[in-house]
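Numbers 37 to 381, taken from the numbering used here, label the letters of the sequence shown in order.
Glycine included, each C-beta is placed from N, C-alpha and C at the ideal position.
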Amino acid sequence: MSPTIYMIILSSLATGTIITMTSHHWLMAWVGLELNTLAIIPIISTMHHPRSTEAATKYFLTQAAASALILFSSMTNAWNTGSWDITQPLTSPSYILLTMALAMKLGLAPLHFWLPEVIQGSTMTTAFIITTWQKIAPMSLIFLTMNNLSTSVFLLMGLLSSLVGGWGGLNQTQTRKIMAYSSIAHLGWMATISSIMTNILIMNLLIYLIMTTSVFLSLIISKSKTIQDTTSTWTLSPTLTIIMLLSLLSLGGLPPLTGFIPKWLIMEELILQNFNLLISMMAASSLLSLFFYLRLTYTTTLTLSPNTTQTKFKWRFYPNTRTMFIATPATISIFLLPMTPLILL
């Protein structure tokens, strides 16, 4: 794909998300989501390979179905209430359709089956866009309509997503699929808090985006597509190995790192609301997620691939990917925990 066309598609992708985020009219939100979906289809199918074509088709079908549900939901709501305003109360059939559509857009369990398959069929960069940027528009709609959506449904979907994200990632060897299940688990935590405290939801989303960016950039620079590939990361750059280690542990939510902030605050808030059983199950499911993050960190930093002494270091050509972009997200995803009181203000 030529750089000009690629830039036009990326700017359309950004425009679609921004239109959805800033709109208060259901039709404009739908237009933004459609523009967003149509812009990413060519990016997914850039690799002329049956798997990428399959991924693009699956993505298009699920997102088109979700967009159609959003349009149908807003039309039935406008029919009954006469209002197209997003912030206005929804009728009962409309909010059920909207909940299903947003869960499908985000990849929340039980409507998550498309996400690992699509990410596995795309390139690392495309997988990075799908797990980060593509979550912003549906999350902004959840933020705007949360007063009208069912709390119990979102709590249940959040619990199910965190369990599916933990169990699903255990048996994976492909780093992209591991990141897909990681995304499902994190979105589960966001879904549980969305109906209780939206400011923690926004903070969790931002921290998730930064941590996922850091891990994906590490994987892109080291060209690690499978767990086996990560064993030779240390030959490329010891510094990158340490960044990858800390970013993965942060994504797992270990205490001295940034990833602990959202888990801590969500657990605290849910305990205050007396959801003790729910939070116990979610904490147990985060241990499942932590297992596959630890497995990745183990292969990255503590395992030496069986090389002869002559081939200990990879050829140090000028790197194809720029490494300067990783500095900011890596720093934030490791050192932000002491700033928690300022974030809460």
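- Item | Own chain, CB closer than 6 Å to G204, minus 5 neighbours either side, in chain order | Taking the first residue of the sequence shown as 1, we reach residue 204 at position 168. For G204, where only same-chain residues beyond five positions count, the Cβ hits under 6 Å are Y217.
- Item | A104 to M140 span [Cα, whole Å] | On the sequence shown, residue 104 is found 68 positions in, with the first residue counted as 1. On the sequence shown, residue 140 is found 104 positions in, with the first residue counted as 1. Rounded to the nearest angstrom, the two C-alpha atoms are 11 Å apart.
- Item | Which listed residue (T228, I279, A65, P152) has its alpha carbon closest to that of T211 | As a first step, residue 211 must be located in the sequence shown, where it is residue number 175. For T211, the closest of T228, I279, A65, P152 by C-alpha to C-alpha distance is P152.
- Item | Three-state class that DSSP yields for H85 in the structure shown | For the purposes of this step, residue 85 is taken as residue 49 along the sequence shown, with counting starting at 1. Assignment of H85 by DSSP, reduced to helix, strand and coil, places it in the coil class.
- Quick one, which of G202, L323, T262, T337 has its alpha-carbon nearest P274's? The sequence position of residue 274 within the sequence shown is 238, counting from 1. Between P274 and the set G202, L323, T262, T337, the nearest pair of CA atoms involves T337.
- Task: State the DSSP-derived secondary structure class of T58, mapped to helix, strand or coil.
- Result: As a position in the sequence shown, residue 58 is number 22, starting the count at 1. Helix.
- Task: Give the secondary structure of Q210 by DSSP, where H, G and I count as helix, E and B as strand, and everything else as coil.
- Result: Position 174 of the sequence shown, counted from the start, is the residue given in the question as residue 210. It is a strand residue.
- Message: With a threshold of 8 Å, are at least 3 pairs of Cβ atoms found where one atom belongs to the stretch 242-259 and the other to the stretch 285-299?
- Response: Taking a cut-off of 8 Å for Cβ pairs, the stretch 242-259 and the stretch 285-299 touch, as three or more such pairs fall below it.
- Query: To which residues of the same chain is V200 closer than 7 Å at the C-beta, ignoring the five residues directly before and after it?
  - Reply: Position 164 of the sequence shown, counted from the start, is the residue given in the question as residue 200. Short of 7 Å from the beta carbon of V200, and not among the five residues preceding or following it, lie these beta carbons of its own chain, in chain order: A145, H148, I220.
- Query: If L332 and T277 are in contact, beta carbons under 8 Å, what's the gap, nearest whole angstrom?
  - Reply: Translated into the one-based positions of the sequence shown, residue 332 becomes position 296. Translated into the one-based positions of the sequence shown, residue 277 becomes position 241. Actually they are not in contact, since the Cβ atoms of L332 and T277 sit about 12 Å apart, beyond 8 Å.
- Message: Helix, strand or coil, according to DSSP, for T262 in the structure here?
- Response: Here residue 262 corresponds to residue number 226 of the sequence shown, with the count starting at 1. In this structure, T262 counts as strand in the three-state DSSP scheme.
- Could you pull out every unbroken alpha helix (DSSP H) segment of at least 4 residues lying fully inside the stretch 132-191, listed in chain order? If we require 4 residues or more, the alpha helix (DSSP H) runs fully inside the stretch 132-191 come out as 150-157, 160-167, 172-181.
- Message: Short of 8 Å in beta carbon distance, which residues of its chain neighbour I55, apart from the five on each side in sequence? Order them along the chain.
- Response: The residue given as residue 55 occupies position 19 in the sequence shown. Around I55, the same chain offers M64, A65, V67, G68, L71 as residues with beta carbons nearer than 8 Å, after the five sequence neighbours per side are excluded.
- Item | Outcome for Q208 when other beta-carbon atoms lying within 10 angstroms are tallied against a minimum of 16 | As a first step, residue 208 is located in the sequence shown; it is residue number 172 there, counting from the start. Result: buried.
- Message: Under DSSP, the alpha helix (DSSP H) around W300 begins and ends at which residues?
- Response: Translated into the one-based positions of the sequence shown, residue 300 becomes position 264. That run of the alpha helix (DSSP H) goes 296-308.
- Task: Rank V154, K259, S283, E305 by C-alpha distance to the C-alpha of M226 and give the top, closest one.
- Result: In the sequence shown, residue 226 corresponds to position 190, counting from 1. It is E305 whose Cα lies nearest to the Cα of M226.
- Hey, M303 and L241: beta-carbon distance below 8 Å or not? Taking the sequence shown and counting its residues from 1, one reaches residue 303 at position 267. Taking the sequence shown and counting its residues from 1, one reaches residue 241 at position 205. Result no, Cβ atoms of M303 and L241 do not sit closer than 8 Å.
- Task: Look at the alpha carbon of N312 and the alpha carbon of S197, and state the distance between them as a whole number of angstroms.
- Result: Your numbering for residue 312 matches position 276 in the sequence shown. Your numbering for residue 197 matches position 161 in the sequence shown. The straight-line gap separating the alpha-carbon atoms of N312 and S197 is approximately 18 Å.
- Message: Could you compute how far the alpha carbon of L46 sits from the alpha carbon of A173?
- Response: The count along the sequence shown starts at 1 and reaches residue 46 at position 10. The count along the sequence shown starts at 1 and reaches residue 173 at position 137. Approximately 15 Å, taken between the alpha carbons.
- Task: Measure the CB-CB distance between F371 and I214 and report whether it falls below 8 Å.
- Result: As a first step, residue 371 must be located in the sequence shown, where it is residue number 335. As a first step, residue 214 must be located in the sequence shown, where it is residue number 178. Contact flag unset, no.
- Give me the Cα-Cα distance between T228 and I315, rounded to the nearest whole angstrom. Position 192 of the sequence shown, counted from the first residue, corresponds to residue 228. Position 279 of the sequence shown, counted from the first residue, corresponds to residue 315. Cα-Cα distance, rounded: 9 Å.
- Item | Minimum C-alpha distance to S162 - residue among I77, F108, P129 | Here residue 162 refers to the residue found at position 126 of the sequence shown. Checking the displayed sequence, the identity of residue 162 turns out to be Thr instead of Ser. T162 has its Cα closest to that of I77, out of I77, F108, P129.
- Query: Between the C-alpha atoms of L192 and T271, what's the straight-line distance to the nearest angstrom?
  - Reply: Position 156 of the sequence shown, counted from the first residue, corresponds to residue 192. Position 235 of the sequence shown, counted from the first residue, corresponds to residue 271. In this structure, the alpha-carbon of L192 lies about 44 Å from that of T271.
- Task: Thinking T179 and L237 are a contact (beta carbons under 8 Å), I'd like their distance in whole angstroms, please.
- Result: The sequence position of residue 179 within the sequence shown is 143, counting from 1. The sequence position of residue 237 within the sequence shown is 201, counting from 1. Looking at the sequence shown, residue 179 is not Thr but Phe. Indeed, because the Cβ distance is near 7 Å, the residues count as touching under 8 Å.
- Message: As a quick exercise: from L282, N310, T364, L290, pick the residue whose alpha carbon is nearest that of S322.
- Response: One-based indexing of the sequence shown puts residue 322 at position 286. With distances taken between CA atoms, S322 lies nearest to L290 out of L282, N310, T364, L290.
- Integer Cβ distance of S325 from G202, believed to fall under 8 Å: Numbered from its first residue, the sequence shown carries residue 325 at position 289. Numbered from its first residue, the sequence shown carries residue 202 at position 166. Confirmed, about 5 Å.
- Message: To the nearest angstrom, how far is the alpha carbon of I263 from that of S119?
- Response: For this step, residue 263 is matched to residue 227 along the sequence shown. For this step, residue 119 is matched to residue 83 along the sequence shown. Their Cα atoms are separated by approximately 51 Å.
- Nearest to A100 (by Cα), restricted to the options T73, N116, S369, T117: One-based indexing of the sequence shown puts residue 100 at position 64. Measuring from the Cα of A100, the nearest candidate turns out to be T73.
- Beta carbon of A366 nearer than 8 Å to that of I279: The sequence position of residue 366 within the sequence shown is 330, counting from 1. The sequence position of residue 279 within the sequence shown is 243, counting from 1. Taking 8 Å as the Cβ cut-off, A366 and I279 qualify as a contacting pair.
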